[in-house]
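Engineer:
Protein chains: 2
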Amino acid sequence: MKTHTIIVDTQGSDKGPSSVIKGACQALDKFADLRLCLTGDRSVIEACLAENGADTGRVYIIDAPEIITNYDHPVAALNQKRNSSLVKALTELRNNPDCEGLVNAGSTGALLAGSVMFLSKPGERTRPALAAVLPAEAGGFTCLVDTGANIDCTPAMLVQFAHQGSDFMRRLYRLEKPRVGLLSNGAEETKGNKLVKETHQILKSEAGLNFIGNIEGTNALSGDCDVLVCDGFAGNQVLKNSEGIARRIITDIVRYAKKTGEPKFMELAGHLMAMYDFNSLGGGIVLGVPKPVIKAHGAANEASIVNTIGMLLNLAENRDIYKEE
Amino acid sequence: MKTHTIIVDTQGSDKGPSSVIKGACQALDKFADLRLCLTGDRSVIEACLAENGADTGRVYIIDAPEIITNYDHPVAALNQKRNSSLVKALTELRNNPDCEGLVNAGSTGALLAGSVMFLSKPGERTRPALAAVLPAEAGGFTCLVDTGANIDCTPAMLVQFAHQGSDFMRRLYRLEKPRVGLLSNGAEETKGNKLVKETHQILKSEAGLNFIGNIEGTNALSGDCDVLVCDGFAGNQVLKNSEGIARRIITDIVRYAKKTGEPKFMELAGHLMAMYDFNSLGGGIVLGVPKPVIKAHGAANEASIVNTIGMLLNLAENRDIYKEE
Chain G
0 MKTHTIIVDT QGSDKGPSSV IKGACQALDK FADLRLCLTG DRSVIEACLA ENGADTGRVY
60 IIDAPEIITN YDHPVAALNQ KRNSSLVKAL TELRNNPDCE GLVNAGSTGA LLAGSVMFLS
120 KPGERTRPAL AAVLPAEAGG FTCLVDTGAN IDCTPAMLVQ FAHQGSDFMR RLYRLEKPRV
180 GLLSNGAEET KGNKLVKETH QILKSEAGLN FIGNIEGTNA LSGDCDVLVC DGFAGNQVLK
240 NSEGIARRII TDIVRYAKKT GEPKFMELAG HLMAMYDFNS LGGGIVLGVP KPVIKAHGAA
300 NEASIVNTIG MLLNLAENRD IYKEE
Chain A
0 MKTHTIIVDT QGSDKGPSSV IKGACQALDK FADLRLCLTG DRSVIEACLA ENGADTGRVY
60 IIDAPEIITN YDHPVAALNQ KRNSSLVKAL TELRNNPDCE GLVNAGSTGA LLAGSVMFLS
120 KPGERTRPAL AAVLPAEAGG FTCLVDTGAN IDCTPAMLVQ FAHQGSDFMR RLYRLEKPRV
180 GLLSNGAEET KGNKLVKETH QILKSEAGLN FIGNIEGTNA LSGDCDVLVC DGFAGNQVLK
240 NSEGIARRII TDIVRYAKKT GEPKFMELAG HLMAMYDFNS LGGGIVLGVP KPVIKAHGAA
300 NEASIVNTIG MLLNLAENRD IYKEE
C-alpha cells in the first residue's frame with residue numbers, strides 16, 4: 000500500500016500537546032495509509048504515543064521543545080525560534096519530498112507567514128489566503144476565501160483569492176469550471192461596498208474564472224457557488240456567525256428536549272452538532288503556497304485533528320493540485 | 000381606552016396590497032387600542048377591508064393610488080410622485096400629531112430618504128440608520144445597527160450608530176446603560192479592519208456610551224451587548240447569514256423528520272421556524288428621525304405586518320423616546 004506522510008506540529012494549541020497527539024493516534028488507527036511526522040517535545044510525544052498504544056512503526060519524531068505562541072510576533076518568532084516545533088515542521092515539509100502536508104493548531108499568523116517564508120521560493124511568494132471548505136446546503140462544498148488572514152483588502156487581492164480558490168476547487172474536486180461568487184449585500188451588480196463593486200467589475204471580465212456574480216448572505220453556504228470570495232473581515236463573520244447561530248439553535252433543541260422529556264430531540268441535537276461544527280470540521284487551508292498546510296482550530300479536539308489529517312490525505316491523493324502550481 | 004394611530008402604506012410590497020391590508024385587519028383584531036390610517040388605492044383598500052370583515056370604525060383611508068417602486072430613484076420619486084401612497088403616508092405622519100408610527104414594505108431607499116426629508120427639520124437632519132431588534136440567545140434583545148442603509152461607513156458614522164442605537168434601547172426597554180459592542184473579527188482591541196480599529200479608539204473614550212469592546216461573529220446575537228454596531232455591509236451579512244443558516248438547519252430537521260417518520264420533529268421545526276424568521280419578525284427600524292418608521296420585509300406576510308404594527312404600538316406606549324429627541 001502506498002503511504003502518505005503528514006506532519007503534525009504537536010505544540011501551540013489551546014489544549015496542549017496531549018490532545019493533538021491523541022487525535023494523531025486516532026488518525027493512525029483510522030487511516031491505514033497514514034505515516035506521521037510529529038514535531039514537539041520528544042519525551043511528551045513518546046509518553047503520549049505509549050499511553051494511546053500507537054503503532055509507532057508509522058511514526059517518526061523531530062524533537063523541538065521550543066514553542067511559538069499566540070503572543071509571539073509571527074515573523075520575529077519564526078526567525079528567532081529556529082528550534083521551535085513549527086519551524087522544524089515547516090523545514091521538514093519543505094525538505095522532505097515524502098511529506099505531503101502539515102497540520103498546526105497554534106498561531107495562525109505564524110503559520111501563514113511561515114508557510115510563505117519556508118515553502119515558497121523568494122521570487123514566487125504571493126500573499127497567502129486562509130480558506131475554509133464548508134458543506135453546502137445543496138450538497139457538495141463551498142470554498143470560502145478569505146476567512147480572516149487578510150482583513151483589509153484591495154480589489155486585486157479579492158481577484159487573487161478568486162483564482163486561488165478556483166484552482167483549489169477545480170483540482171481537489173475535479174470541477175471543470177468552479178462557479179465563483181462574490182459575497183455582497185444584494186445579488187445585483189450595483190450592490191456592495193466600494194471594494195465589492197470595484198471587484199465585481201474586474202471579475203466580470205477576468206480570464207480563467209467562471210464568475211457567476213454576487214451572492215447574498217442568505218445564500219452564502221447554500222451551494223450556489225463553489226468558491227465564495229470576500230475580504231477576511233466579512234469571511235470571518237460568515238464563518239463565526241454561522242457557527243454561533245448553529246450552536247444557538249442546537250442549544251434551543253436541547254432545551255426543548257429537556258422541556259418535553261423526549262429523548263429523540265437529544266439524538267437530533269447530536270446529529271446537528273456533528274453537521275454544523277464548522278470550525279473544527281476541517282480547519283483553515285492556507286492557499287497560495289506549494290504544499291498543503293492546514294490550520295486546525297486553536298481549541299481543536301481529537302476528532303478535529305483526525306478530520307484535518309483526513310483532509311490532507313484526500314489532498315495527497317490529488318497531489319497534482321500542488322505540483323501544477 | 001387610549002387609542003394609538005398607526006399609518007400603513009399598503010403599496011410597494013412584493014406581494015401586493017392585499018397581503019398588507021389583510022395583515023392590517025388581523026392587527027385590528029389583535030390590538031383593541033389600534034387605529035389605522037391606510038394609504039393607497041381607496042377602491043382596493045375598501046374591497047379588502049370588506050372581504051376581511053374589518054372594524055372600519057377604527058380605520059381611515061387616504062386615497063393615493065400612485066406607487067413608488069424599487070425601480071424608482073428614491074429622492075427623484077419622492078419629489079415627483081407627490082400623490083404616491085408613501086409621500087401621503089409620510090406627510091400624514093408629519094402633520095397629524097395623533098399618528099404615532101408608519102409601516103411600509105416597499106422601497107427601503109425611498110423610505111429612508113423620505114423619513115428624513117419629511118420628518119426631520121432641515122437644520123436637524125442626520126443620516127438615518129436601519130436597525131433590527133433581534134432576540135438574543137441569553138434572552139432580551141440586541142439592536143443591530145446598521146443593517147444595510149449605510150454600506151460604506153466612516154468611524155464617525157459608526158459612532159453615530161452607537162449613540163442612536165443606545166438611545167433607542169435605553170428608552171424602549173428602559174435600560175439604564177445599554178451595553179454597546181463593536182462587531183469585529185476578534186475580541187481584542189487590536190483586531191478589526193481599519194474602520195473597526197479606528198472606531199474602537201473613538202468609542203473607548205466617547206462620552207454618554209457604555210462601550211464594552213469588540214464582539215466576534217460567534218457572539219453577534221448571544222446577548223453579550225444590547226447594541227451591536229457595524230457598517231451596513233457587515234450588518235447585512237449578520238442578518239442574512241443568520242437567516243440562511245437557520246433556514247438550512249430547519250430544512251435539515253424537516254428532512255430528518257421525513258426520514259425517521261417521527262411527527263415530533265415536524266413540530267420542532269415549526270417551533271424553530273417561528274423563532275428564527277428574523278427578517279419578518281420585526282422589520283427594520285429607521286433610527287435618526289423624530290417619529291417611528293418601520294420597514295417591513297418586501298416579501299412580508301400577514302403575520303409580519305401584525306408584528307411590525309405591534310412593535311409600533313410598543314413604541315407608542317413609550318413614545319417619550321421620540322419626544323426627547
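Residue numbers (numbering that gives the first Met the number 0), protein chains in the order written: chain G, 0 to 324; chain A, 0 to 324. Backbone N, C-alpha and C fix where the C-beta goes; we use that ideal spot for every residue, glycine too. Quick caveat: nothing in here was measured; it's all calculated off a predicted structure.
Taking a Cβ distance cut-off of 8 Å, strictly less, list which residues of the segment 215-243 of chain G are near chain A, in chain order.
Structural biologist: Within the segment 215-243 of chain G, the residues whose Cβ lies closer than 8 Å to some Cβ of chain A are Glu-215, Gly-216, Thr-217, Asn-218, Ala-219, Leu-220, Ser-221, Asp-230, Gly-231, Phe-232, Ala-233, Asn-235, Gln-236, Val-237, Leu-238, Lys-239, Asn-240, Ser-241, Glu-242 and Gly-243, listed in chain order.
Engineer: Do Lys-196 (chain G) and Glu-188 (chain G) have their C-beta atoms closer together than 9 Å?
Structural biologist: Yes.
Engineer: Quick check on Leu-271 (chain A) - is its C-beta less than 9 Å from some C-beta in chain G?
Structural biologist: By this cut-off, Leu-271 (chain A) is an interface position.
Engineer: Cα-Cα, which of G:Ala-298, G:Thr-250, G:Phe-30 and G:Gly-234 is closest to Ala-148 (chain G)?
Structural biologist: Comparing Cα positions, the closest option is G:Gly-234.
Engineer: Using the C-alpha atoms, what's the distance from Phe-264 (chain A) back to Phe-264 (chain G)?
Structural biologist: One C-alpha to the other measures close to 8 Å.
Engineer: What does the alpha-carbon distance come out to for the pair Ala-135 (chain G) and Leu-143 (chain G)?
Structural biologist: Rounded to the nearest angstrom, the two C-alpha atoms are 11 Å apart.
Engineer: Quick check on Thr-68 (chain G) - is its C-beta less than 9 Å from some C-beta in chain A?
Structural biologist: By this cut-off, Thr-68 (chain G) is not an interface position.
Engineer: Could you give the first and the last residue of the continuous alpha helix (DSSP H) run that contains Glu-261 (chain G)?
Structural biologist: No alpha helix (DSSP H) contains Glu-261 (chain G), which DSSP labels as neither H nor E.
Engineer: Could you give the residue range of the beta strand (DSSP E) that holds Pro-134 (chain G)?
Structural biologist: Start and end: 128-134.
Engineer: If we cut at 9 Å on Cβ distances, does Gly-139 (chain G) have a partner in chain A?
Structural biologist: It does not; no Cβ of chain A falls within 9 Å.
Engineer: Kindly indicate which residue of G:Arg-126, G:Ile-20, G:Pro-289 and G:Lys-193 has the alpha-carbon position closest to the one of Asp-145 (chain G).
Structural biologist: Among G:Arg-126, G:Ile-20, G:Pro-289 and G:Lys-193, the Cα nearest to that of Asp-145 (chain G) is on G:Arg-126.
Engineer: Let me check one thing: in DSSP terms, what residues is His-197 (chain A) bridge-paired to?
Structural biologist: Here residue 197 (chain A) is Glu; the residue named in the question, His, does not match the sequence. Paired residues: none, contrary to the question.
Engineer: Would you kindly report the start and end of the unbroken alpha helix (DSSP H) that includes Gly-105 (chain A)?
Structural biologist: Note, Gly-105 (chain A): premise wrong, no alpha helix (DSSP H); not H, not E.
Engineer: Sorted by chain position, which residues of the same chain lie with C-beta nearer than 6 Å to Arg-41 (chain A)'s C-beta, five sequence neighbours on each side aside?
Structural biologist: So the list reads Ile-60 and Asp-62, once near-sequence residues are dropped.
Engineer: So Gly-389 (chain A) contacts chain G; which residues on that side make the cut at Cβ distance below 7 Å?
Structural biologist: This structure gives no information on residue 389 (chain A), because the portion of chain A shown stretches from 0 to 324.
Engineer: For the segment 143-172 of chain G, which residues have a CB atom closer than 8 Å to at least one CB atom of chain A, in sequence order?
Structural biologist: Per Cβ criterion, the list reads Gly-147, Ile-150 and Asp-151.
Engineer: Which residues in chain A have a C-beta closer than 7 Å to the C-beta of Lys-263 (chain G)? List them in chain order.
Structural biologist: The contacting residues are Glu-261 and Lys-263.
Engineer: Who does Asp-62 (chain G) pair with in a DSSP beta bridge?
Structural biologist: DSSP lists G:Gly-39 as partners of Asp-62 (chain G).
Engineer: Can you pull the chain G residues whose beta carbon is under 7 Å from the beta carbon of Lys-193 (chain A), in chain order?
Structural biologist: By Cβ distance, chain G contributes Asp-151.
Engineer: Determine, using beta carbons only, whether Leu-111 (chain A) and Leu-92 (chain A) come nearer to each other than 9 Å.
Structural biologist: Against a cut-off of 9 Å, the Cβ pair of Leu-92 (chain A) and Leu-111 (chain A) comes out as no contact.
Engineer: Using a Cβ-Cβ distance cut-off of 9 Å, determine whether Ala-88 (chain A) contacts chain G.
Structural biologist: So, not an interface residue.
Engineer: Which residue wins for smallest C-alpha separation from Met-0 (chain A), given the options A:Thr-250, A:Val-179 and A:Phe-30?
Structural biologist: Per the Cα distances, A:Phe-30.
Engineer: Since Arg-247 (chain A) meets chain G, which of its residues come closer than 7 Å, beta carbon to beta carbon?
Structural biologist: Under the 7 Å cutoff, chain G gives Glu-136.
Engineer: Please tell me whether Tyr-59 (chain A) has its Cβ less than 9 Å away from any Cβ of chain G.
Structural biologist: By this cut-off, Tyr-59 (chain A) is not an interface position.
Engineer: Can you name, in chain order, every residue of its own chain whose Cβ lies under 8 Å from the Cβ of Ile-244 (chain G), other than the five neighbours on each side?
Structural biologist: Around Ile-244 (chain G): no qualifying Cβ.
Engineer: Hey, would you say Thr-4 (chain A) sits closer than 9 Å to Val-19 (chain A), going by beta carbons?
Structural biologist: No. Outside cutoff.
Engineer: According to DSSP, is Val-292 (chain G) part of a helix, a strand, or is it coil?
Structural biologist: Strand.
Engineer: Just curious, the beta strand (DSSP E) that Asp-166 (chain A) is in, first and last residue?
Structural biologist: Looking at the DSSP string, Asp-166 (chain A) is not in any beta strand (DSSP E); the run it does join, the alpha helix (DSSP H), is 154-171.
Engineer: Would you say Leu-271 (chain A) and Asp-225 (chain A) are within 9 Å of each other, going by their C-beta atoms?
Structural biologist: Against a cut-off of 9 Å, the Cβ pair of Asp-225 (chain A) and Leu-271 (chain A) comes out as no contact.
Engineer: Please report the Cβ distance between Val-7 (chain A) and Leu-37 (chain A), rounded to the nearest whole angstrom; I am assuming they are in contact, meaning their Cβ atoms lie under 8 Å.
Structural biologist: Confirmed, about 5 Å.
Engineer: Quick check on the DSSP output: the beta strand (DSSP E) that includes Leu-220 (chain G) runs from which residue to which?
Structural biologist: That residue, Leu-220 (chain G), is in no beta strand (DSSP E); it is neither H nor E in DSSP.
Engineer: If you draw a straight line from the C-alpha of Gly-139 (chain A) to the C-alpha of Leu-220 (chain A), how long is it?
Structural biologist: Roughly 10 Å between the two C-alpha positions.
Engineer: How close, in whole Å, do the beta carbons of Ala-302 (chain G) and Val-102 (chain G) come, if the pair is a contact with beta carbons under 8 Å?
Structural biologist: The pair is not a contact, with the Cβ atoms about 13 Å apart (cut-off 8 Å).
Engineer: Does any CB atom of chain A fall closer than 9 Å to the CB of Asp-276 (chain G)?
Structural biologist: No, its Cβ sits nowhere closer than 9 Å to a Cβ of chain A.
Engineer: If you measure from the beta carbon of Asp-28 (chain G) to each beta carbon in chain A, is any gap under 9 Å?
Structural biologist: It does not; no Cβ of chain A falls within 9 Å.
Engineer: What is the rounded straight-line gap between the Cα of Gly-100 (chain G) and the Cα of Ser-84 (chain G)?
Structural biologist: When rounded, the distance between both Cα atoms is 15 Å.
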